[in-house]
Amino acid sequence: MRTKQSIQNNLNYIFTFPSFKKRLEHHYEKFFFQPTEKFYELCENNPNEAIQELIKHCELALPISIEITHEYLQIPEEYRQAIGFDLGLPGQMYSITKYQFRVFLNNSYGKYIKAAALAHEIAHVYIRNNEINYVTQRNCKGKFSEQMTDLTTVALGLGKLMLEAYDFIHESLFWDNNLKIGYLTPKHICYAQSLMINKLESLNVSSRQSNRL
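One point on numbering: in my numbering, the residue at position 165 of the sequence shown is 166, and numbering is uninterrupted.
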């Protein structure tokens, strides 16, 4: 996913799935999650409560259960090789059942990094819980699958969490070259977010026009 056109095409593809179309058409006024300082403090001190806010925002079906752990999960070697997994990742999701998940959150990072990690992992949960299968011209495994998860994060209205984490990193005096917030570049995340903003603005204009009729 190296070009703006591929970002746009894949983002449009995501919205061909019924669950995403429904969120876009019926919840566009509250589509974007607006993180507050209180939310970031929850990510730092009580991530289990923070994840509940994201579950509510994404309207994940009950009885969804997500447990946060700070202990490294056992990742199959073939998966490590496929995505280039390393222990520097701030988060990792493990599926127990369709409704039960465990999310590793690296406690060595601060609240903005943790918030972005939770956003990415809740996108994984959303994909599994809604049984979404991204079929593309490429084999949707490894890094490409993770890139689609990054786009799903934006498509769920959680892009701001990713962007604010990147802003924090770039402004920090303690830059870590091994730190990976996601699998798309900050430039691509920013572009995807701008596409979503334009899409929502178009829906808002259409809604106002229809209300006048």
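Here a beta-carbon is modelled for each residue, glycine too, at the ideal position from N, C-alpha and C. Bear in mind that the values here come from a model prediction, so they are computed numbers and not experimental data.
Residue i, DSSP secondary structure in three states
i      : result
Ile69  : strand
Phe21  : helix
Gly1   : The shown model of the chain, from 2 to 214, leaves out residue 1, and the question about it has no answer.
Leu157 : coil
Asp87  : Low per-residue confidence applies at Asp87: pLDDT is 49, beneath 50, and the placement is therefore not dependable, though the value from the model is reported in the following sentence. Here Asp87 sits in coil by DSSP.
Leu43  : helix
Of the listed residues the options, nearest to residue i (C-alpha basis)
i      : options                      : result
Leu63  : Glu72, Ile69, Gln53, His71   : Gln53
Thr118 : Val136, Gly183, Pro36        : Residue identity check: residue 118 is Ala in the sequence provided, not Thr. Ranking the options by Cα distance to Ala118, first place goes to Gly183.
Thr186 : Leu43, Phe145, Ser96, Asn13  : Phe145
Ile8   : Ser66, Thr153, Tyr167, Asn49 : Thr153
Phe33  : Pro48, Ser96, Ala156         : Ala156
Opposing strand residues paired with residue i [DSSP bridges]
i      : result
Phe16  : BP columns for Phe16 are empty, so no partner.
Val104 : Ile69, Met94
Alpha carbon of residue i to alpha carbon of residue j, nearest angstrom
i      : j      : result
Tyr192 : Gly160 : 10 Å
Gly143 : Arg3   : 16 Å
Asn108 : Pro91  : 8 Å
Gly85  : Asn130 : The predicted model places Gly85 with a pLDDT of 47, which falls under 50 and marks its position as unreliable; any figure quoted below should be read in that light. Roughly 25 Å separates the two Cα atoms.
Val136 : Lys23  : 20 Å
Leu201 : Phe21  : 13 Å
Glu172 : Tyr14  : 34 Å
Asn199 : Glu30  : 13 Å
His189 : Tyr100 : 31 Å
Beta-carbon separation (whole angstroms), residue i vs residue j, contact threshold 8 Å
i      : j      : result
His121 : Asp151 : 7 Å
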